[in-house]
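Protein chains in written order, with full-length UniProt numbering: chain A, 1 to 310; chain B, 1 to 368. Heads up, the beta-carbon is just placed ideally off N, CA and C, and yes, glycines get one too. Computed from a predicted model, the values in this text were never measured in an experiment. One structure is given here, and the rest of the page talks about it.
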Amino acid sequence: MNVDLVVVGSVIAAMLTAATPLLFAALGEVVTERSGVLNLGVEGMMLVGAVCGFAATVGSGSVVVGVIAAAAAGAGMALLFGVLTLSLLTNQVATGLALTLFGVGLSALIGQGFVGIPLPKPPAFAIPLLSDIPVIGPGVFEHDALVYLGLLAVPALAWFLTRSRAGLVLRAVGENHAAAHALGYKVIRIRYMAVLFGGAMSGVGGGYMSLAYTPMWAEGITAGRGWIALALVVFATWRPERVLVGAWLFGGVTIAQLHVQGLGFAVPSQLLSMLPYIATIVVLVAISRDVARIRLNAPACLGKIFHPGG
Amino acid sequence: MALIRLEPRGQASQAMLYLTPVLAVVLTLAAGFLLFAALGFDPVAALYAFFIEPLTTTRGLGELAVKATPLVLCAVGLAIGFRANVWNIGAEGQFTLGAIAGGGVALAFYGEGGWWLLPLMVVAGAAGGMAWAAIPAFLRTRFNASEILTSLMLTYVALLLLSLLVNGPYRDPDGYSFPESRLFEEAAVMPILIEGTRVHLGSLFALLAVAGGWVLMARTFVGFQIKVIGLTPMAAGYAGFDQKRIIWLTLLLSGGLAGLAGLCEVAGPIGQIMPSISPGYGFTAIIVAFLGRLHPVGILLAGLLMALSFIGGEAAQIGLGLPKAITGVFQGMLLFFLLATDVLIRYRLRFGTKGPVVKGVAAKGVAA
């Protein structure tokens with residue numbers, strides 16, 4: 001009985017960790033998309049964040065520096081995207097794809113000297129009292145700081161988008177940029193900030209992969225998580241609290257795949273590794289089939305180019 | 001506030017349409033110069049090794065055609081979809097399925113092949129790619145699911161499927177448990193077109209695809225529908241064009257061509273099925289499509305240029321010890337510069353805070 005509970009506790013703990021990179025990246029993309037910008041470069045920003053965070057941690061010996069570097073690197077990539085799409089009015093779909101292709105190459109180039117270097121796992125902090133719950137407490141309530149930060153970001157962003165003035169302006173820009181511009185809001189500036197925030201969050205999500213989840217650097221370490229994060233945004237109908245549900249779901253699928261093998265089922269590992277991708281498709285289909293719901297929730301100006309001069 | 005402003009042109013500039021790809025290549029070379037210098041290499045020597053040296057031998061030119069073949073095949077199909085705003089970015093997966101299906105035929109008839117084997121493999125390869133692209137087409141038309149995300153997710157599934165097969169049913173029974181298939185027999189290998197090179201029948205398919213793509217887009221009603229749907233979906237709706245049919249058509253076409261490319265690769269230069277059969281041709285084809293202005297002839301030129309970046313990357317890896325990843329960096333930069341310079345097609349650059357045109361308009365407004 002107790003053994004089962006220990007397993008449950010460790011499964012939940014593993015799920016929370018597996019969900020964290022997706023949570024950061026998808027929350028960032030929610031903010032970006034709510035401002036009306038579709039950035040398909042999440043995978044590229046995550047990878048560059050992952051490698052820069054890793055390099056900075058190896059160089060400085062501090063995980064905190066690493067996380068900051070990951071955020072800065074993600075934001076740097078997002079700045080590139082912003083200059084192209086917002087200032088030079090390029091197609092957002094094509095530019096996002098270019099950002100991912102570029103990020104895959106750039107991260108491999110930066111990371112070639114860092115392959116195979118081990119890093120210690122960042123320290124875990126136990127939540128007082130809750131982590132003292134027997135059996136499951138230590139697993140569920142004892143994590144590194146980023147797991148908590150990701151969880152805290154959910155209510156913070158939900159509040160920001162629905163209750164704060166700045167959040168309402170950001171949504172206005174995403175729903176109708178011409179009207180927001182006419183009201184005197186700086187559409188381009190607001191979108192730059194949203195894009196940079198999204199990039200920084202993706203960078204941290206990638207950084208979590210290389211600093212805490214594995215922790216090591218390998219080419220293509222994110223393995224499509226950036227794309228799964230993009231699907232999560234649609235699944236969550238652009239709402240932070242639903243992103244959390246989606247991220248847990250995918251964390252669960254990722255962990256299930258490891259545990260099925262652990263339980264001794266003779267299923268080829270490749271079939272199990274397909275699970276998160278197939279689950280993404282299934283979830284995306286389930287949510288997208290309701291056309292009206294997507295149309296109601298998607299920012300009306302998503303992906304549209306804005307130029308104040310017409 | 002801004003020092004450089006964008007001023008809309010009355011009409012898209014035709015000159016810029018053709019000039020910007022050249023400008024993008026020049027800017028990429030300039031950025032490459034800085035990159036090589038930053039990495040501590042002699043930039044001139046590195047750029048020479050990367051972009052010129054591979055072209056100095058017949059063999060090198062042949063390799064250019066070999067590498068351009070899958071890129072052009074994939075990109076012609078993708079570009080037709082992009083014209084209709086159908087974003088198939090899973091060509092890499094469809095490529096893989098083409099190799100799995102076509103290569104599977106070669107392995108199934110191993111030792112009993114005849115003249116019919118290669119044509120059968122070609123059909124199976126194209127069908128494999130089509131089947132894989134049919135999934136996003138179905139999910140998009142039936143359930144409204146973004147083909148961008150589904151086609152990309154299916155790429156990961158396809159790569160895992162390939163890994164599963166070469167470790168299982170496709171594995172060479174006489175091999176030493178390496179995850180590789182048998183070498184294809186003579187009847188299952190693409191014939192070489194030019195002696196002394198590796199240029200194979202697939203290159204001919206690529207040229208046919210370019211011609212076919214041009215005819216479809218420039219000379220048929222379907223091509224016209226594709227263009228209208230891409231430019232003004234509403235007008236296409238009023239004209240009664242069936243958008244779902246176009247989504248199916250463009251995805252099946254691009255999937256089939258990508259599958260054909262995959263088959264040509266395993267039945268051509270590779271000659272067997274391995275866990276890794278593509279250095280990312282399906283993704284690079286996206287860049288090729290844009291660099292070629294989504295036009296079949298442009299794609300042919302762009303495919304050759306991108307093929308050079310693969311060969312140059314390999315040459316630079318061997319000759320200079322540069323990491324292979326530099327190819328991806330160059331490709332990404334090229335696409336960035338191309339997209340960035342594209343702004344010149346529809347806008348003029350104006351320097352200074354306020355241009356005379358805007359002032360004139362404001363003055364008129366006051367006068368009125």
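Within 7 Å, strictly: CB atoms of residue i and residue j
i	j	result
S203(B)	A325(B)	no
P54(B)	I273(B)	no
P122(A)	D144(A)	yes
L97(B)	M274(A)	no
G96(A)	L40(A)	yes
E142(A)	T100(A)	no
I229(B)	Q243(B)	yes
G90(B)	T155(B)	yes
A70(A)	G59(A)	no
I345(B)	A12(B)	yes
G81(B)	S278(B)	no
L157(A)	P323(B)	no
M45(A)	G66(A)	no
Y208(A)	L146(A)	yes
G282(B)	E92(B)	yes
F235(A)	I287(A)	yes
T28(B)	L334(B)	yes
T237(A)	N297(A)	yes
P296(B)	V210(B)	yes
V204(A)	F24(A)	yes
Through-space distance from residue j to residue i, alpha-carbon basis
i	j	result
I255(A)	I100(B)	29 Å
E147(B)	M16(B)	31 Å
L193(B)	L39(B)	40 Å
M77(A)	G264(A)	43 Å
A37(B)	A45(B)	11 Å
R289(A)	V122(B)	35 Å
I4(B)	T20(A)	41 Å
M1(B)	L34(B)	Residue confidence is low: M1(B) scores 47 on pLDDT, short of 50, so the model does not pin down where it sits. No coordinate-derived value is stated.
G313(B)	G105(A)	12 Å
Q261(A)	S269(A)	8 Å
A124(A)	I221(A)	22 Å
W248(B)	A134(B)	7 Å
Y110(B)	N85(B)	42 Å
G49(A)	V173(A)	28 Å
V7(A)	A14(A)	10 Å
Q92(A)	H181(A)	20 Å
V37(A)	P215(A)	32 Å
A316(B)	F336(B)	22 Å
G252(A)	A30(B)	47 Å
D132(A)	V140(A)	10 Å
N-terminal and C-terminal residue of the alpha helix (DSSP H) that residue i is part of
i	result
E142(A)	From DSSP, E142(A) is part of no alpha helix (DSSP H) but of the beta strand (DSSP E) over 142-144.
R165(A)	165-175
L107(B)	91-108
F82(B)	58-83
R295(A)	291-297
L193(B)	Run containing L193(B): none; DSSP gives neither H nor E here.
W227(A)	225-235
G66(A)	63-82
Q331(B)	326-341
E43(A)	42-60
For residue i, the first and last residue of its enclosing beta strand (DSSP E)
i	result
E7(B)	4-8
A30(B)	It is not in any beta strand (DSSP E) - A30(B) instead sits in the alpha helix (DSSP H) that spans 14-38.
L207(B)	Taken as a continuous stretch (DSSP letters only), L207(B) belongs to no beta strand (DSSP E), being part of the alpha helix (DSSP H) at 201-219.
L349(B)	347-351
Query raised in the report: Do the segment 187-197 of chain A and the segment 86-98 of chain A touch if we need at least three Cβ pairs shorter than 8 Å?
Result: yes
Requested in this report: Please specify which runs of the alpha helix (DSSP H), each continuous and at least 4 residues long, are wholly inside the segment 226-276 of chain B, giving them in chain order.
Outcome: 233-238, 243-265
Query raised in the report: the segment 88-105 of chain A: which residues have C-beta closer than 8 Å to a C-beta of chain C, in chain order?
Result: Going by chain labels, chain C is absent from the structure shown, which instead holds the protein chains A and B.
Query raised in the report: Taking three-plus beta-carbon pairs below 8 Å as touching, is the segment 181-191 of chain B in contact with the segment 104-117 of chain B?
Result: yes
Query raised in the report: Hey, is the segment 158-175 of chain B in contact with the segment 270-288 of chain A, meaning 3+ C-beta pairs nearer than 8 Å?
Result: In short, these stretches touch, since the Cβ pair count reaches three.
Query raised in the report: Using 8 Å as the threshold, is the segment 278-289 of chain A in touch with the segment 145-157 of chain A, meaning 3 or more CB pairs across them?
Result: no
Report task. Report yes or no: do three or more beta-carbon pairs, one from the segment 206-220 of chain B and one from the segment 297-308 of chain B, lie closer than 8 Å? Result -> yes
Query raised in the report: Any chance the segment 20-39 of chain A sits against the segment 212-226 of chain A, with 3 or more Cβ pairs inside 8 Å?
Result: Segments in contact, yes.
Query raised in the report: Taking only runs of the beta strand (DSSP E) that begin and end inside the segment 123-174 of chain B, which ones reach a length of at least 3 residues, in chain order?
Result: With a minimum length of 3 residues, there is no unbroken run of beta strand (DSSP E) contained wholly in the segment 123-174 of chain B.
Query raised in the report: Counting pairs of Cβ atoms below 8 Å between the segment 70-81 of chain B and the segment 260-272 of chain B, do you hit three or more?
Result: yes
Requested in this report: Note down, one range per segment and in chain order, each alpha helix (DSSP H) of at least 4 residues found wholly within the segment 90-143 of chain A.
Outcome: 92-111, 137-140
Report task. List in chain order: all unbroken alpha helix (DSSP H) runs of 4+ residues lying wholly within the segment 250-304 of chain A. Result -> 269-288, 291-297
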